[in-house]
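Engineer:
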Amino acid sequence: MQHSEFILILDFGSQYTQLIARRVRDLGVYSEIRPFSVDEKEIEALSPKGIILSGGPSSVYEKNAPLPGGNIFSLGIPILGICYGLQIIAYMNGGQVRAATHREYGRADLIIDDRADLFFDLDSSLPVWMSHGDHLTKIPPGFEVIGHTANSPVAAIRNSKKNIFGIQFHPEVVHTQRGDSIFRNFLFKVCDCAGNWSAASFVETTVEEIRKRIGTSKVLCALSGGVDSTVAAQLVAKAIHHQLTCVFVNTGLLRAREAEQVCDDYRHADFEFVYVEAQERFLDKLRNVIDPEKKRRIIGNEFIRVFEEQAGKIGGIKYLVQGTLYPDVIESVSTKGPSATIKTHHNVGGLPEKMGFQLVEPLRELFKDQVRRVGKELGIPSHILGRHPFPGPGLAVRILGEITPSRLDILRPADSIFIEELRKNNLYDKIWQAFAVLLPVQTVGVMGDERTYDNVIALRAVTSRDGMTADWANIPNDVLAHISNRIINEVKGVNRVVYDISSKPPSTIEWE
Ligand code: XMP
54 MQHSEFILIL
64 DFGSQYTQLI
74 ARRVRDLGVY
84 SEIRPFSVDE
94 KEIEALSPKG
104 IILSGGPSSV
114 YEKNAPLPGG
124 NIFSLGIPIL
134 GICYGLQIIA
144 YMNGGQVRAA
154 THREYGRADL
164 IIDDRADLFF
174 DLDSSLPVWM
184 SHGDHLTKIP
194 PGFEVIGHTA
204 NSPVAAIRNS
214 KKNIFGIQFH
224 PEVVHTQRGD
234 SIFRNFLFKV
244 CDCAGNWSAA
254 SFVETTVEEI
264 RKRIGTSKVL
274 CALSGGVDST
284 VAAQLVAKAI
294 HHQLTCVFVN
304 TGLLRAREAE
314 QVCDDYRHAD
324 FEFVYVEAQE
334 RFLDKLRNVI
344 DPEKKRRIIG
354 NEFIRVFEEQ
364 AGKIGGIKYL
374 VQGTLYPDVI
384 ESVSTKGPSA
394 TIKTHHNVGG
404 LPEKMGFQLV
414 EPLRELFKDQ
424 VRRVGKELGI
434 PSHILGRHPF
444 PGPGLAVRIL
454 GEITPSRLDI
464 LRPADSIFIE
474 ELRKNNLYDK
484 IWQAFAVLLP
494 VQTVGVMGDE
504 RTYDNVIALR
514 AVTSRDGMTA
524 DWANIPNDVL
534 AHISNRIINE
544 VKGVNRVVYD
554 ISSKPPSTIE
564 WE
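Our numbering puts the first residue of the sequence shown at 54, with every later residue one more than the last.
1) How would you write the range of the alpha helix (DSSP H) that residue 425 sits in, first residue to last?
2) Verify the contact flag: residue 569, CB atom, against every heavy atom of the ligand XMP, threshold strictly below 7 angstroms.
3) Cutting at 7 angstroms between CB atoms, please list the residues of its own chain near residue 181, excluding the five before and the five after it.
4) Please report the straight-line C-alpha distance between residue 81 and residue 240, rounded to a whole angstrom.
5) Which of the three DSSP states is assigned to residue 416 in this structure?
6) Exposed or buried, which one is residue 225 when buried takes at least 16 other CB atoms within 10 Å?
7) Using C-beta distances below 7 angstroms, list every residue in its chain close to residue 475, excluding the 5 sequence neighbours before and after it, in chain order.
8) Under 8 angstroms, Cβ to Cβ, is there at least one residue of chain C near residue 335?
9) Determine contact between the stretch 173-189 and the stretch 250-270, defined as no fewer than three beta-carbon pairs at a distance below 8 angstroms.
10) Find out if the Cβ-Cβ distance for the pair residue 551, residue 463 is shorter than 8 angstroms.
11) Enumerate in chain order the residues of its own chain whose CB-to-CB distance from residue 493 is below 6 angstroms, with the five nearest sequence positions on each side excluded.
12) What did DSSP end up calling residue 184 once you bin it into helix, strand or coil?
13) From what residue to what residue does the beta strand (DSSP E) around residue 156 run?
14) Which ranges does the beta strand (DSSP E) cover as unbroken runs of at least 3 residues, wholly within the stretch 182-244, from first to last along the chain?
15) Can you give the Cα-Cα distance for residue 143 and residue 84, rounded to whole angstroms?
16) In this structure, how does DSSP classify residue 259 when only helix, strand and coil are distinguished?
17) In the structure shown, what three-state DSSP assignment does residue 362 receive?
18) Once DSSP output is grouped into helix, strand and coil, what is the label at residue 264?
19) Evaluate residue 64 with the Cβ neighbour count: other Cβ atoms within 10 Å of its Cβ, from every protein chain shown; 16 or more gives buried, anything less gives exposed.
20) For the putative contact between residue 209 and residue 186, defined by C-beta atoms under 8 angstroms, what is the C-beta separation to the nearest angstrom?
21) Just to check, is the beta-carbon of residue 376 closer than 7 angstroms to a non-hydrogen atom of the ligand XMP?
22) Can you tell me the Cα-Cα spacing of residue 559 and residue 478, whole angstroms?
23) In this structure, how does DSSP classify residue 378 when only helix, strand and coil are distinguished?
24) Would you say the beta carbon of residue 73 is closer than 7 angstroms to some non-hydrogen atom of the ligand XMP?
25) Please give me, in chain order, every unbroken run of the beta strand (DSSP E) with length at least 3 that falls completely inside the stretch 80-113.
26) How would you call residue 283, buried or exposed, if buried means at least 16 neighbouring beta carbons within 10 angstroms?
27) Could you tell me whether the stretch 95-113 touches the stretch 134-142, using the rule of 3 or more Cβ pairs below 8 angstroms?
28) Nearest to residue 309 by CA position, among 447, 192, 417 and 117, is which residue?
29) Return the chain-ordered ranges of every beta strand (DSSP E) run that is complete within the stretch 272-320 and spans a minimum of 3 residues.
30) Give me the Cα-Cα distance between residue 355 and residue 436, rounded to the nearest whole angstrom.
31) If you compare alpha carbons, which of 191, 380, 527 and 503 is closest to residue 148?
32) What do you reckon, is the C-beta of residue 561 under 7 angstroms from a heavy atom of the ligand XMP?
33) Helix, strand or coil, according to DSSP, for residue 116 in the structure here?
34) What do you get for residue 259, buried or exposed, if any count of 16 or more other CB atoms within 10 angstroms of its CB means buried?
35) Just checking residue 446 against the ligand XMP - is the residue's beta carbon closer than 7 angstroms to any of the ligand's heavy atoms?
36) Where does residue 347 land, buried or exposed, given buried means 16+ other C-beta within 10 angstroms?
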């Protein structure tokens with residue numbers, strides 16, 4: 054997509070590179086991450102308003118250290134180097150970088166020496182986050198120091214003539230206070246950006262592009278009812294309406310009343326909606342299967358089969374819509390170069406390759422929070438946009454051990470009580486994901502005067518920004534107590550409820 058203004062982020066392998074992209078976009082400027090080795094011609098073609106050099110684990114003086122093409126400093130484009138990015142600027146412009154005697158990790162106080170541009174409107178001292186082993190021992194000609202710390206006499210430099218800035222700390226992490234102001238100053242004071250990326254302009258340009266690309270062809274979409282596939286489908290529908298068919302497959306692994314809810318949501322949509330009843334065939338295939346990865350494979354394959362049948366019935370389909378997001382496509386540590394592997398999206402595993410469709414991925418440039426903003430712009434109701442993520446394999450990975458209709462009948466009401474109580478207590482929207490898990494063990498209990506030997510339900514609720522890391526949610530004890538009481542009293546076959554207090558990492562969000 055062609056953006057009216059664009060910030061290019063060159064990735065030198067920092068774990069924080071994605072955060073830089075997000076910070077810039079949160080300020081209304083479109084940004085994209087590219088491998089550090091992207092060549093000058095491509096940079097010129099992209100014509101960015103500014104370039105940000107990320108941090109990275111290397112040392113500039115190491116053999117094979119990742120360095121950008123030499124000419125990026127003479128393109129006349131403003132540059133901000135962060136941590137390793139600062140060291141690159143110094144090293145490639147005639148300065149000197151050495152291993153520091155004191156490595157600097159964690160919090161430091163930045164003393165600001167000049168507040169004309171990058172540090173405009175900031176206090177004279179600022180808590181910042183450092184993480185570096187190398188530092189500048191000589192600043193390059195044409196540069197001046199604009200900030201220092203007790204340990205680093207050179208913590209920020211500037212070349213006013215060329216609009217090149219380098220900072221030793223990480224403004225993208227939350228531990229650096231006013232990091233957003235530093236980005237804001239770079240974007241609006243230095244690069245002269247207007248900050249006009251908005252959900253509305255995204256919808257307008259994307260719809261136009263989809264219309265042009267698809268013409269009069271037929272398009273298919275696997276709709277799960279979740280946020281990503283819904284927003285992707287609605288964007289495409291806005292462009293081509295009834296040329297789009299959305300297929301919703303009831304795998305039998307959905308939550309209580311989920312299929313009914315999705316059908317209600319789309320009964321009046323301005324695309325074709327097909328409901329496929331496939332509960333029996335999925336449960337048949339899953340009989341006696343215990344291994345989580347085997348469950349995923351079986352479900353993925355069966356999904357493809359159902360989908361193929363539907364595509365065959367409709368006939369003449371050329372495109373397939375997928376709700377792939379930016380974190381799914383970013384080349385992981387791209388210091389390996391432009392050929393670094395691209396993560397594949399696991400929602401609709403293998404569909405396009407096997408079926409020879411061309412992909413339409415209207416969200417592949419967005420983060421989840423931006424997808425929600427686009428969804429709002431499209432008028433999608435908040436009960437859909439606020440939905441917690443739900444994995445493709447559904448309850449199959451939340452029933453540990455064998456999946457049977459009777460075990461589904463235990464998990465569904467337990468899960469639904471949990472979610473209902475979270476909503477009642479205004480906790481649902483504060484939580485990234487919450488669900489119940491049915492364990493493959495039975496424990497002893499006593500109900501009335503009788504001994505029971507019944508199932509255990511585990512409750513899982515986590516807070517997270519993107520699902521990559523997560524903390525267990527601190528739900529008040531009285532709410533947990535009430536949920537536990539209700540599940541044990543109302544769900545036949547359960548005599549114990551436990552709460553999962555593990556973070557990710559080292560645990561994962563799902564139990565399988
Ligand atoms: P984990 O359990 O890996 O989950 O911490 C991270 C996020 O991914 C979801 N998830 C899946 N989604 N197919 C999916 O479409 C899967 O096989 C799958 N496994 C996990 C999970 O619900 C969480 O949001």
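Cβ coordinates follow ideal geometry from the N, Cα and C atoms, glycine included.
Structural biologist: This is what the structure holds:
1) It spans 421-430 - the alpha helix (DSSP H) in which residue 425 sits, taken as one unbroken run.
2) No statement about residue 569 is possible, as the shown extent of the chain runs from 54 to 565 and does not include it.
3) Sequence-distant partners of residue 181 (beyond 5 residues in either direction) whose C-beta falls short of 7 angstroms from its own C-beta, in its chain, are 161, 163, 222 and 229.
4) One Cα belongs to residue 81, the other to residue 240, and the distance between them is close to 10 angstroms.
5) The answer is coil: DSSP assigns residue 416 none of H, G, I, E or B.
6) Around the beta-carbon of residue 225, 16 or more other beta-carbon atoms lie within 10 Å, marking it buried.
7) If we look at residue 475 and ignore the five residues flanking it on each side, its Cβ neighbours are 481, 484 and 487.
8) No chain C is present in this structure, which holds just one protein chain.
9) No, the stretch 173-189 is not in contact with the stretch 250-270.
10) Taking 8 angstroms as the Cβ cut-off, residue 551 and residue 463 do not qualify as a contacting pair.
11) Around residue 493: 453 and 454.
12) In the structure shown, residue 184 sits in a strand (DSSP, three-state: E or B).
13) Residue range 149-165 is occupied by the beta strand (DSSP E) that includes residue 156.
14) Counting whole runs of 3 or more residues, the stretch 182-244 contains the beta strand (DSSP E) stretches 197-201, 209-212 and 217-220.
15) Put simply, the backbone Cα of residue 143 is about 24 angstroms away from that of residue 84.
16) Of the three classes helix, strand and coil, the one that applies to residue 259 here is helix, per DSSP.
17) Here DSSP, grouped into helix, strand and coil, assigns residue 362 to helix.
18) Correct three-state label for residue 264: helix.
19) So residue 64 counts as buried.
20) Contact doesn't hold; Cβ gap of about 18 angstroms is too wide.
21) No; taking the cut-off as 7 angstroms, the Cβ of residue 376 has no heavy atom of the ligand XMP nearer than that.
22) Approximately 29 angstroms, taken between the alpha carbons.
23) In the three-state DSSP reduction, residue 378 falls in the coil class, being neither helix nor strand.
24) No - the ligand XMP has no heavy atom lying nearer than 7 angstroms to the Cβ of residue 73.
25) Taking 3 residues as the minimum length, the beta strand (DSSP E) runs contained wholly in the stretch 80-113 are 83-88 and 103-106, in order along the chain.
26) The residue in question, residue 283, is buried, as its Cβ has 16 or more Cβ neighbours within 10 Å.
27) Note that the stretch 95-113 touches the stretch 134-142; at least 3 beta-carbon pairs, one per stretch, sit closer than 8 angstroms.
28) Among 447, 192, 417 and 117, the Cα nearest to that of residue 309 belongs to 447.
29) You should have 297-303.
30) Rounded to the nearest angstrom, the two C-alpha atoms are 29 angstroms apart.
31) Of the candidates 191, 380, 527 and 503, 191 places its Cα closest to the Cα of residue 148.
32) Yes, the beta carbon of residue 561 sits closer than 7 angstroms to at least one heavy atom of the ligand XMP.
33) Three-state DSSP puts residue 116 in coil, outside helix and strand.
34) Under a 10 Å Cβ-count criterion, residue 259 is classified as buried, with 16 or more other Cβ atoms of the shown protein chains found around its own Cβ.
35) Correct: residue 446 has its Cβ closer than 7 angstroms to the ligand XMP.
36) Residue 347 comes out exposed.
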